[in-house]
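Residue numbers (UniProt numbering), protein chains in the order written: chain A, 1 to 259; chain B, 1 to 329.
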Amino acid sequence: MKQLGIDIGSRAVKIACFKDDILIKTEIISTMKFYRDFSKMIDGEIHINLSQLGLSDYDNIISTGYGRNNLQIAGALIINELKAHVYGALCQTGEEDFTLLDIGGQDFKIIKVEKGIITDMLLNDKCAASSGRYLENMSNILEIPLDDLMKHYENPVNLNSTCAVFGESELIGEIAQGTPLSQLAAGINYALFKRIQPQLQKLRGRLLILAGGVAENEAIIHFLQQEDKHVIIPKYPQLNGAIGCCYLGFLKKGMKNNE
Amino acid sequence: MKVGITTTVPVEVLYAAGVTPVDLNNIFVLGNSTKYMNYSEIEGFPRNLCACIKGIYGVAMLEDIDYIVGVTEGDCSNTKSLIEVWRSKGKKVILFGFPQKKQYQSMIEEINHLMDHFNVRLEAVDDMKRELYPIRQRVKYLDELTWKTNQATGFENHLWQVSCSDFNGDPKVFLNELEEAIQDIEGRKPFPSNEIRLGYIGVPPNISDLYHLVEENGGRIVFNEVQRAFTMAKETIDTNIFNMYLNFTYPYDLQGRLTEIKEEINNRRLDGIIHYTQSFCHRGIEDIIIKKSLKVPVLTIEGDYPEKGDARTKLRLESFIDMLKDLKE
Chain A
1 MKQLGIDIGS
11 RAVKIACFKD
21 DILIKTEIIS
31 TMKFYRDFSK
41 MIDGEIHINL
51 SQLGLSDYDN
61 IISTGYGRNN
71 LQIAGALIIN
81 ELKAHVYGAL
91 CQTGEEDFTL
101 LDIGGQDFKI
111 IKVEKGIITD
121 MLLNDKCAAS
131 SGRYLENMSN
141 ILEIPLDDLM
151 KHYENPVNLN
161 STCAVFGESE
171 LIGEIAQGTP
181 LSQLAAGINY
191 ALFKRIQPQL
201 QKLRGRLLIL
211 AGGVAENEAI
221 IHFLQQEDKH
231 VIIPKYPQLN
241 GAIGCCYLGF
251 LKKGMKNNE
Chain B
1 MKVGITTTVP
11 VEVLYAAGVT
21 PVDLNNIFVL
31 GNSTKYMNYS
41 EIEGFPRNLC
51 ACIKGIYGVA
61 MLEDIDYIVG
71 VTEGDCSNTK
81 SLIEVWRSKG
91 KKVILFGFPQ
101 KKQYQSMIEE
111 INHLMDHFNV
121 RLEAVDDMKR
131 ELYPIRQRVK
141 YLDELTWKTN
151 QATGFENHLW
161 QVSCSDFNGD
171 PKVFLNELEE
181 AIQDIEGRKP
191 FPSNEIRLGY
201 IGVPPNISDL
211 YHLVEENGGR
221 IVFNEVQRAF
231 TMAKETIDTN
241 IFNMYLNFTY
251 PYDLQGRLTE
261 IKEEINNRRL
271 DGIIHYTQSF
281 CHRGIEDIII
291 KKSLKVPVLT
301 IEGDYPEKGD
311 ARTKLRLESF
321 IDMLKDLKE
């Protein structure tokens, strides 16, 4: 059986394709490009040209994410975003009791899972200050690629502001004082960590699973591990939601016995 | 004469004495709870204290309550200080304790103390116990209409069972209203067979729409643990009054409660459990053991003042039931 999972995020669309229980194809496309090049509007609904993406000949589609309410593909089942991420973590790690931290392009989610079921969650509200978006903006100001920014965690400069916009002015002030680039970058990563940390504290458990695009940020991982937490990063952190969709597809077909 | 009670007590003694028991908790939750809470906080009750203590203090002070039976052991240790404040304000309080070592002799002493105070004899108490027996059995039948035939709602199950602490002050009227409710429920179509069957454990909720929210998401509470314990309906007609209140699980150790909960998870085919705790209540600690002991998923919900469920509670319930549905499919 071929199962397609689509996670439509604010900044990227993640697609996972499983044949039976083997992941055979993945795609990460910018959300803008996805809507512009692969979708068209028919009768007020967005239809996606999957064959153009080389993704025809699937048996089943499950989708989730930011734009899930807009997405209409024939035969697709649309599921709750929190659930998709939890199924992704269950599938990728085999753990059943954990706290899942998903830091995405425009928000973060902290989900407590016990016995394989969601029991609690904390979500950020409208402000995107505690998300990948903050890192993108700051890397633009430093004029370095995001991948470079994510490596630095030694001697972080202190960036206090809760607001990301005020944070930019703070950063410019530090640049003007001649602070080394590595310390500026570390400060940016640390500021993001500091915003999430108190929320994480509320739902802490013995095990933390980190997913979403920001899970590739070495500095964030470093700071989380310093907190004396057992941190697991799944093999495909950014594809976690899309993989979760596929996992549910298998669960519904009775091919997985809630492993 | 109206006698306020702070939780379930041997109500047979009160009815045998010809006084009217009033469960102060029920008046607090169903009445103008804000008024009672405000009154107590102005009197000086701390903010970080269980809302029920403040609520029942206010009810006893503001409503027409002549006497109070205060439960000192087996319920809430805050009640001890609450009793001190009532007494300092001139309220008459009679003490009753569920003996924590569950010794028969101690239970005799506790009930004798109540009987002496109200000047009733054991025979009269026994007669009253037999009079209430058929009513308790009818409430048990309503419980079966919830989990066997799947016709009653979780809220109906909660309300009728929890009301067995005082039979709303008049067992005859209670029975008539109960029969009407049963007749109505019997005529209904059963809930769909693919619904998510949940158990509710812990003290009765201060979240007024909890049962409704569960049903809105395709679940139903078909087991109310503490409320069911209040009915004492598992006892035979010949169980004596002392044993009856020794077999009552709520005021004693957690292990006794867990044994019953596990039995009902099997009997009633429960998919999950909702454990309700009150903010600032010692029972919140028990959550550690409950989650470890039960095999089914447990969602812990904390409530404070009597009010409707907030957005996060709704989202938590929705996600929990949603995932249980996937498992059930």
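We put the beta carbon where it would ideally sit given N, CA and C, even for glycine.
Q.
Quick check on this structure: which residue in B:Val71, B:Pro251, B:Val59, B:Leu159 has the alpha carbon closest to the alpha carbon of Lys2 of chain B?
A. The shortest Cα separation from Lys2 of chain B among B:Val71, B:Pro251, B:Val59, B:Leu159 belongs to B:Val59.
Q: Identify which residue in A:Arg36, A:Leu135, A:Cys245 has its Cα closest to the Cα of Asp163 of chain A.
A: It is worth fixing the name first, because residue 163 of chain A is Cys in this sequence and not Asp. With distances taken between Cα atoms, Cys163 of chain A lies closest to A:Leu135.
**Q.** Contact between the segment 290–309 of chain B and the segment 181–195 of chain B (3+ Cβ pairs under 8 Å)
**A.** The segment 181–195 of chain B and the segment 290–309 of chain B do not touch, with fewer than three beta-carbon pairs separated by less than 8 Å.
**Q.** Cβ neighbours of Tyr52 of chain A in the same chain (closer than 7 Å, five flanking residues each side left out)
**A.** Tyr is not the amino acid found at residue 52 of chain A; the sequence shown has Gln there. Phe38, listed in sequence order.
Q: Compare the Cα-Cα distances from Thr153 of chain B to each of B:Gly284, B:Thr7, B:Leu198 and report the closest residue.
A: Nearest to Thr153 of chain B by alpha-carbon distance, out of B:Gly284, B:Thr7, B:Leu198, is B:Leu198.
Q) Going along the chain, which residues of its own chain have a beta-carbon closer than 7 Å to the beta-carbon of Asn224 of chain B, five neighbours each way excluded? A) Apart from sequence neighbours up to five positions away, the residues of its chain that approach Asn224 of chain B with a beta-carbon distance below 7 Å are Asn157, His158, Gln161, Tyr200, ordered along the chain.
Q) Are the beta-carbon atoms of His152 of chain A and Ala185 of chain A separated by less than 9 Å? A) In this structure, Ala185 of chain A lies closer than 9 Å to His152 of chain A by Cβ.
Q: Please check if any C-beta of chain B sits within less than 9 Å of the C-beta of Thr119 of chain A.
A: Using a CB distance cut-off of 9 Å, Thr119 of chain A counts as an interface residue toward chain B.
Q: Specify the secondary structure class of Leu187 of chain A as computed by DSSP and reduced to three states.
A: First, the residue type needs correcting, since residue 187 of chain A is Gly and not Leu in the sequence shown. Residue state, collapsed to three classes: helix.
Q. How many Å lie between Pro99 of chain B and Val11 of chain B at the Cα?
A. Distance between the alpha carbons of Pro99 of chain B and Val11 of chain B: 17 Å.
(Q) Using a 10 Å radius around the Cβ and a threshold of 16 neighbouring Cβ atoms, would you call Tyr15 of chain B buried or exposed? (A) Buried.
Q) Around the C-beta of Gly238 of chain A, are 16 or more other C-beta atoms found within 10 angstroms, so that it is buried, or is it exposed? A) It should be pointed out that residue 238 of chain A corresponds to Gln in this sequence rather than to Gly. Here Gln238 of chain A is buried, its C-beta having at least 16 other C-beta atoms within 10 Å.
Q) What does Asp304 of chain B touch in chain A if you count any residue whose Cβ is under 8 Å from its own? A) Near Asp304 of chain B there are no residues of chain A at all, since even the closest Cβ is about 16 Å away, more than 8 Å.
(Q) Taking its Cβ as the centre, do 16 or more other Cβ atoms sit within 10 Å of Glu183 of chain B, making it buried, or is it exposed? (A) Checking the sequence shown, residue 183 of chain B turns out to be Gln, not Glu. Answer is exposed; the Cβ neighbour count stays below 16.
Q: Just the chain B side, please: which residues come within less than 9 Å of Leu248 of chain A by C-beta, in chain order?
A: Near Leu248 of chain A (Cβ distances below 9 Å), the residues of chain B are Asp326.
Q) With DSSP run on the structure shown, which of helix, strand or coil describes Cys76 of chain B? A) It is coil, neither helix nor strand.
(Q) One question on the structure: do Leu327 of chain B and Leu251 of chain A come within less than 9 Å of each other, judged by their Cβ atoms? (A) Taking a C-beta distance under 9 Å as the contact criterion, Leu327 of chain B and Leu251 of chain A qualify as a contact pair.
Q | Burial state of Arg138 of chain B, where buried means 16 or more other Cβ atoms lie within 10 Å | A | It is buried - the Cβ of Arg138 of chain B has at least 16 other Cβ atoms within 10 Å.
Q. Smallest Cα separation from Ile111 of chain B: which of B:Val13, B:Val226, B:Asp75, B:Thr149?
A. It is B:Val13 whose Cα lies nearest to the Cα of Ile111 of chain B.
Q: Starting from the beta carbon of Lys291 of chain B, find every residue of chain A whose beta carbon is closer than 7 Å, and list them in chain order.
A: Correct list: Glu114.
Q | Thr99 of chain A, DSSP secondary structure in three states | A | Thr99 of chain A falls in the strand class under three-state DSSP.
Q: Provide the residue span of the beta strand (DSSP E) that contains Ser39 of chain A, from first to last.
A: That run of the beta strand (DSSP E) goes 39–42.
Q: Run down chain B in chain order and give the residues with a C-beta less than 7 Å from the C-beta of Leu82 of chain A.
A: Within chain B, the residues near Leu82 of chain A are Ser319.
(Q) Please list, in chain order, the chain E residues whose beta carbon lies closer than 7 Å to that of Leu251 of chain A. (A) Checking the listed chains, one finds no chain E in this structure; the protein chains it contains are A and B.
Q: Work out the CA separation of Asp43 of chain A and Phe34 of chain A for me, nearest whole Å.
A: Rounded to the nearest angstrom, the two C-alpha atoms are 19 Å apart.
Q) Using the beta-carbon count (16 or more within 10 Å), is residue 277 of chain A buried or exposed? A) This structure does not reach residue 277 of chain A, given that chain A is present from 1 up to 259, and the question cannot be answered.
Q) Leaving out the 5 sequence neighbours to the left and right, which residues in its chain are closer than 8 Å to Leu157 of chain A when beta-carbon positions are compared? A) The identity of residue 157 of chain A in the sequence shown is Val, whereas the question assumes Leu. Same-chain partners within the cutoff: Glu174, Thr179, Gln183, Leu184, Ala186, Gly187.
Q) Can you list the beta strand (DSSP E) stretches of 3 or more residues lying completely in the segment 156–227 of chain A, in chain order? A) DSSP runs (the beta strand (DSSP E)) wholly in the segment 156–227 of chain A: 207–211.
Q. Which class does Ala76 of chain A belong to by DSSP, given the choice of helix, strand or coil?
A. Note: Ala76 of chain A maps to strand in three-state DSSP.
Q) Mind checking Asp57 of chain A: buried by the 16 CB within 10 Å criterion, or exposed? A) Its Cβ having fewer than 16 others within 10 Å, Asp57 of chain A is exposed.
Q. Distance, Cα to Cα, Asn80 of chain A vs Tyr305 of chain B?
A. Going from the Cα of Asn80 of chain A to the Cα of Tyr305 of chain B covers about 30 Å.
Q | The beta strand (DSSP E) enclosing Asn124 of chain A, as first and last residue numbers | A | Run containing Asn124 of chain A: none; DSSP gives neither H nor E here.
Q.
Between Asp310 of chain B and chain A, is any beta-carbon pair separated by less than 9 Å?
A. The beta carbon of Asp310 of chain B sits no closer than 9 Å to any beta carbon of chain A.
Q. Whose CA, out of B:Thr20, B:Asp170, B:Leu145, B:Ser279, lies closest to the CA of residue 389 of chain B?
A. An answer regarding residue 389 of chain B cannot be provided, because it is not within the stretch 1 to 329 covered by chain B.
Q | Neighbour flag for Met1 of chain A against chain B, beta carbons, 9 Å | A | False, the Cβ-Cβ gap to chain B never drops below 9 Å.
Q.
Quick check: what's the CA-CA separation for residue 350 of chain B versus Asn266 of chain B?
A. It is not possible to answer for residue 350 of chain B, since the shown part of chain B is limited to 1 through 329.
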